[in-house]
Each structure stands twice: as C-alpha cells, then as structure tokens.
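Report on one structure; see the data block that follows.
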Amino acid sequence: MSAIDALAPTRRRPRSLFPLLLIAPAAALLVAVLIYPLIGALADAFFDSNLLYPDKTFVGLENIGAAFTGEFWELLGKTLAFALPATVAPFAIGLVAALGLNQRMRGRAVLRSVLLFPWVLPGVVVSFLWLWIFDANYGVLNGILRSLGVIGENIGWLDSGAGAMTAVVVARTWASFPWMMVMLLAALQSFPGETYEAARMDGAHAWQRFRYITVPGLMPVATIVVLLEFIWNFQQFDLLYVLTGGGPAGATTTFSLAVYETAFKGFDLGMAGALGILWMLVLLPVVLLYLRGMENEK
Numbered sequence: 001m002s003a004i005d006a007l008a009p010t011r012r013r014p015r016s017l018f019p020l021l022l023i024a025p026a027a028a029l030l031v032a033v034l035i036y037p038l039i040g041a042l043a044d045a046f047f048d049s050n051l052l053y054p055d056k057t058f059v060g061l062e063n064i065g066a067a068f069t070g071e072f073w074e075l076l077g078k079t080l081a082f083a084l085p086a087t088v089a090p091f092a093i094g095l096v097a098a099l100g101l102n103q104r105m106r107g108r109a110v111l112r113s114v115l116l117f118p119w120v121l122p123g124v125v126v127s128f129l130w131l132w133i134f135d136a137n138y139g140v141l142n143g144i145l146r147s148l149g150v151i152g153e154n155i156g157w158l159d160s161g162a163g164a165m166t167a168v169v170v171a172r173t174w175a176s177f178p179w180m181m182v183m184l185l186a187a188l189q190s191f192p193g194e195t196y197e198a199a200r201m202d203g204a205h206a207w208q209r210f211r212y213i214t215v216p217g218l219m220p221v222a223t224i225v226v227l228l229e230f231i232w233n234f235q236q237f238d239l240l241y242v243l244t245g246g247g248p249a250g251a252t253t254t255f256s257l258a259v260y261e262t263a264f265k266g267f268d269l270g271m272a273g274a275l276g277i278l279w280m281l282v283l284l285p286v287v288l289l290y291l292r293g294m295e296n297e298k
C-alpha cells in the first residue's frame with residue numbers, strides 16, 4: 001500500500017438495519033403494554049375522568065391538589081411503614097446469612113440452595129402461603145402455638161392494623177432476603193484473602209476485621225441492594241393485595257393499593273392518575289440515588 005493510499009479517506013460502511021429489525025418487536029411490545037398505558041394514566045390526572053364514561057373534562061391540577069391535601073400523607077406514612085422495615089429486616093438477615101456462608105463448612109452448597117428457595121417462588125404463591133400460615137382458624141402459626149401450649153385459643157393475626165402490617169413485613173422479609181444474601185455473598189467472595197490474613201497477623205480480632213475491612217468493602221454493593229429493595233417495596237402490590245387487601249380498615253393500604261382501588265373500584269381515573277404522579281415524585285429521588293450508585297460501580 002502506497003502512502004497516498006494510506007492517507008486516502010476510508011469509505012464508511014452503511015449501517016445495517018438488521019439489528020433494529022431484531023429489537024423492533026420487543027420495543028413495540030414495550031410501548032404497547034407499558035409506556036402507552038403509563039402515559040395515558042398520568043395524563044388522566046389532569047382530567048375529570050371516569051372509567052365507566054368516555055367523556056373527559058380538563059381540570060388542570062385540581063386532582064393533584066385534592067390528592068395532596070387529602071389522603072397523600074396518610075398513604076405515604078403507611079407505605080413507609082411497610083417499605084422501611086421490609087428493606088432493613090431482609091438486609092440484616094441476608095448479611096448474617098452471607099457472612100455465615102462465606103465461612104468454610106460442610107454442607108455449605110446444600111444450605112445455600114435451601115436458603116434460596118423463597119426467592120424462586122412467584123410473589124402470588126408467597127402471598128397465599130403466608131395467608132395460610134396466618135389464617136386465624138386453620139393457620140399453621142396458630143396450630144404450632146396451640147400445640148406448644150403458648151396460646152389457648154386462636155389469634156387473628158390479620159385482624160388488627162399492627163398485626164396485619166407486621167404480617168406483610170414478615171412475609172416480604174422471608175421472600176426477599178435470599179437475593180440480598182446472594183449479592184452480599186458475591187461481594188464477600190470477591191475480597192482478597194490476603195487482606196484478612198494480614199489484619200489477623202497484625203492482631204486484629206474478628207470485630208475489627210468486620211468493621212474496618214468487611215463493612216467498607218461491602219458498602220458499595222450494600223447501598224445498591226438496599227436502594228433497589230426499597231424501590232421494590234415502595235411499589236409492592238401482589239403481597240399486600242392477597243394477604244390483607246389493604247385492611248383491616250385501610251391499615252395496610254399503600255400507594256399501590258390506593259391507586260388500584262381508586263381506578264378499578266372507585267372508577268376515578270383522574271384521582272388515580274394524580275396519586276400515581278405523587279407516588280412517582282416521592283420515589284424519584286431514591287431512583288436517582290440508585291442510578292448514581294450504579295454509575296459509580298461502573
């Protein structure tokens with residue numbers, strides 16, 4: 001090749017449309033079942049819209065203002081009352097399980113498989129399982145406590161607001177701690193063993209090694225895991241719907257249930273859209289923190 005040929009500009013190859021054709025069906029499906037309904041639901045917030053009647057009247061921010069001054073703060077409190085403990089509890093259990101599985105012991109692989117079992121169950125199955133456990137008349141929990149002589153008669157675990165909220169937090173904790181365990185265990189197993197060995201030789205005991213080596217090393221992964229779990233819990237629907245239905249007397253009605261009931265039981269699409277917008281705005285800062293954490297990990 002001559003110097004002139006080397007300096008000659010190369011002709012750009014035309015971009016192929018084949019990759020776009022491959023993703024087109026999936027993109028169309030995403031728009032049809034997710035993006036279009038989402039935009040439509042949010043747009044309903046600015047109209048007096050009823051599910052049973054096609055006519056809509058533009059009302060501007062009236063629905064959002066009514067939702068904000070109405071049940072917004074109560075719903076926010078109930079949603080946080082569920083989401084916060086349902087995030088902290090599985091993280092704590094997952095961390096303890098990950099630390100245990102990170103040790104050399106017999107049967108570790110079997111134990112890890114057993115602990116992963118709740119994670120592989122569909123959410124609806126988990127909901128009905130715990131509904132059976134907490135059932136006042138035929139529930140497993142009451143049966144065990146009666147056989148041990150702890151209680152003399154059945155307890156209605158889901159009959160009080162505090163009991164129902166505790167029940168859904170326990171059920172969610174059982175279902176979600178395995179994935180936290182897996183993420184934290186993967187992070188622990190990426191630590192260089194020489195670091196712990198050097199600290200041990202320098203006289204650092206177990207608590208010091210955990211505090212000054214394990215905790216800082218886990219912090220990036222732990223932050224992402226906690227934020228993602230909180231986002232999921234803030235949007236949780238199926239567990240609450242099956243286990244309590246938002247009851248008793250609305251004690252476990254979170255944003256997700258309120259939007260559903262307002263739209264499909266009260267037929268008020270405008271107010272449901274307004275609650276959805278407020279729900280999204282509350283969650284937005286957490287989502288941005290999560291995305292920032294993911295960028296930092298890259």
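With the first letter of the sequence shown counted as 1, position 260 gets the number 260 in our numbering; the numbers rise by one all the way through. Backbone N, C-alpha and C define an ideal beta-carbon position, used for all residues, glycine too.
If you ignore the 5 residues before and after Asn233, its C-beta comes within less than 7 Å of the C-beta of Phe82, Ala83, Ala86, Thr87 and Arg172, all in its own chain and listed in chain order. Rounded to whole angstroms, the Cβ separation of Leu158 and Thr244 is 6 Å, and the two are in contact under 8 Å. If you draw a straight line from the Cα of Tyr138 to the Cα of Ser147, it is about 13 Å long. Per DSSP, the continuous alpha helix (DSSP H) segment holding Asp238 begins and ends at Asp238 to Leu243. When the five nearest sequence neighbours on each side are left out, the beta carbons in the same chain lying within less than 7 Å of the beta carbon of Leu239 are those of Gly123, Val126, Ser127, Val168, Ala171 and Arg172, in order along the chain.
In this structure, Asn102 and Leu185 form a Cβ contact; the two beta carbons are roughly 6 Å apart against a cut-off of 8 Å. The beta carbons of Pro118 and Trp174 sit about 5 Å from each other, so the pair counts as a contact at 8 Å. One thing to note: Glu71 has its Cβ within 8 Å of the Cβ of Ala258. Distance from the Cα of Ile231 is smallest, within the candidate group Met280, Ala187 and Tyr212, for Met280. If one requires a minimum length of 4 residues, the alpha helix (DSSP H) runs lying completely within the stretch 139 to 218 are 140 to 147, 161 to 189, 193 to 201 and 206 to 209, in chain order. Between Gly273 and Leu51, the C-beta gap is not smaller than 8 Å, which leaves the two residues out of contact. In the three-state DSSP reduction, Asn233 falls in the helix class (H, G or I). Leaving aside the five residues that flank Leu75 on each side, the residues in its chain whose CB is nearer than 6 Å to its CB run, in chain order, Phe255 and Ala258.
Contiguous beta strand (DSSP E) elements confined to the stretch 84 to 147 do not occur, taking only those with 3 or more residues. In the DSSP assignment, Thr69 falls within the alpha helix (DSSP H) that extends over Glu62 to Thr69.
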